Amino acid sequence: MRDLFVIDDTGSPGNVSESLMLKSDRCTYLAVLIEKDIREELSNKIIKLLKKYEDLGIKEFHFTDLLNRRKEYDKLETNQVKDIFENFAAILNSFILTLFVQTMTSRTFEENGLIDDGSMSVEEKALHFVINRIFIHVKDVDPIRNFEIFCDEGIEKAGTRKYYEKLNAFTDRPFVTFMSSHSDVLLQVADFYAFCLNRHQLLAIKKNRTDFDHWFIKMTNTAFANCQSSGFRAGLMKEKTGAQEYDQMILQRYKETGSYPFWKKFNSKKDK
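Taking numbering that gives the first Met the number 0, the leading residue of the sequence shown gets 0, the next gets one more, and so forth.
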């Protein structure tokens with residue numbers, strides 16, 4: 000049994016909800032480290048949860064479709080949707096998981112003082128930098144070795160392997176294997192966190208939240224409560240957090256990393 004990183008992407012194409020720091024054209028890749036000593040237990044718990052709902056025709060969890068009650072979830076009641084989310088969150092909250100997040104837009108390089116040579120798409124950049132966060136983690140933080148990396152298909156077809164030479168010193172599988180979500184139940188962990196993070200951000204800037212929105216914030220806070228993170232702070236959203244508070248939080252991170260002067264220069268130039 001190996002340590003495993005599972006990766007999925009998220010974003011809000013077509014959603015015009017924006018704030019100063021949260022843009023609708025963003026692409027986020029999120030990776031979850033599932034250590035080998037919990038890998039089998041976590042898999043078994045998710046499989047057991049799936050069996051609980053097999054009479055509803057659910058074979059795997061796709062959380063975007065589940066929340067919106069599309070496809071195989073279109074006949075579920077609201078309380079059933081909530082029940083699945085809460086049970087899945089409770090499973091994840093029983094473990095300590097490490098998340099790695101990278102969000103990109105077409106402006107991210109310039110806003111951080113980096114040179115963009117145009118060789119990669121926004122999606123490719125986001126994946127590249129989340130792999131770099133994994134590299135830093137195994138090199139400097141947690142010396143795990145001979146891990147493997149699975150990514151939900153999308154940017155590449157299932158069965159494709161994308162090699163990263165920098166990982167050679169740490170694993171005999173220095174590549175990302177792209178897979179269909181049904182190939183390994185643990186890919187649903189990345190799907191859950193990626194979806195929840197994206198919706199959490201959208202709710203942070205939403206002016207008028209519904210009771211369902213407040214429930215989702217509370218549920219997501221539970222899911223992130225025991226997470227360690229790289230690339231974002233798995234801090235919990237307060238009920239009264241709004242767009243201004245969210246933007247100030249992100250701006251503060253730019254200041255802490257020294258990127259704020261680049262962000263300010265780029266956006267001042269853009270506004271002229």
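Using N, Cα and C, we set each Cβ at its ideal position, and we do this for glycine too. Note that the coordinates shown come from a computational prediction; the quantities given were computed from them, not determined experimentally.
Test item: CB-CB of residue i and residue j under 8 Å
i       : j       : result
Phe-62  : Val-31  : no
Ile-114 : Tyr-163 : no
Tyr-245 : Ser-42  : no
Gly-112 : Ser-258 : yes
Ile-45  : Ile-90  : yes
Arg-1   : Lys-35  : yes
Glu-152 : Ser-179 : yes
Thr-27  : Thr-102 : yes
Val-80  : Leu-96  : no
Leu-21  : Leu-196 : no
Gly-158 : Phe-177 : yes
Gln-187 : Glu-59  : yes
Ala-224 : Asn-78  : no
Phe-191 : Phe-87  : yes
Opening and closing residue of the beta strand (DSSP E) in which residue i lies
i       : result
Cys-26  : 26 to 33
Arg-68  : That residue, Arg-68, is in no beta strand (DSSP E); it is neither H nor E in DSSP.
Thr-170 : Per DSSP, Thr-170 belongs to no beta strand (DSSP E) and is neither H nor E.
Leu-91  : Segment 77 to 92 is the alpha helix (DSSP H) holding Leu-91; no beta strand (DSSP E) there.
Buried or exposed by the 16-neighbour rule on C-beta atoms within 10 Å, applied to residue i
i       : result
Met-83  : For clarity, residue 83 is Ile in the given sequence; the question names Met instead. Classification for Ile-83: buried.
Ser-199 : One detail in the question is off: residue 199 reads as His in this sequence, not Ser. With 16 or more Cβ atoms within 10 Å of its Cβ, His-199 is classed as buried.
Asn-207 : exposed
Phe-211 : exposed
Val-140 : exposed
Arg-25  : buried
Thr-9   : buried
Lys-124 : buried
Where the alpha helix (DSSP H) through residue i begins and ends
i       : result
Thr-9   : No alpha helix (DSSP H) contains Thr-9, which is instead part of the beta strand (DSSP E) from 3 to 10.
Phe-108 : 107 to 110
DSSP bridge partner residues for residue i (one or two, in chain order)
i       : result
Thr-102 : Thr-27
Met-0   : Per DSSP, none; premise fails for Met-0.
(request) Write down every uninterrupted run of the alpha helix (DSSP H) in the segment 201 to 256 whose length is 4 residues or greater and which is fully enclosed by it, in chain order. (result) 210 to 223 and 242 to 256
(message) In chain order, what are the residue ranges of uninterrupted beta strand (DSSP E) at least 3 long that sit wholly in the segment 112 to 164?
(response) You should have 147 to 151 and 160 to 162.
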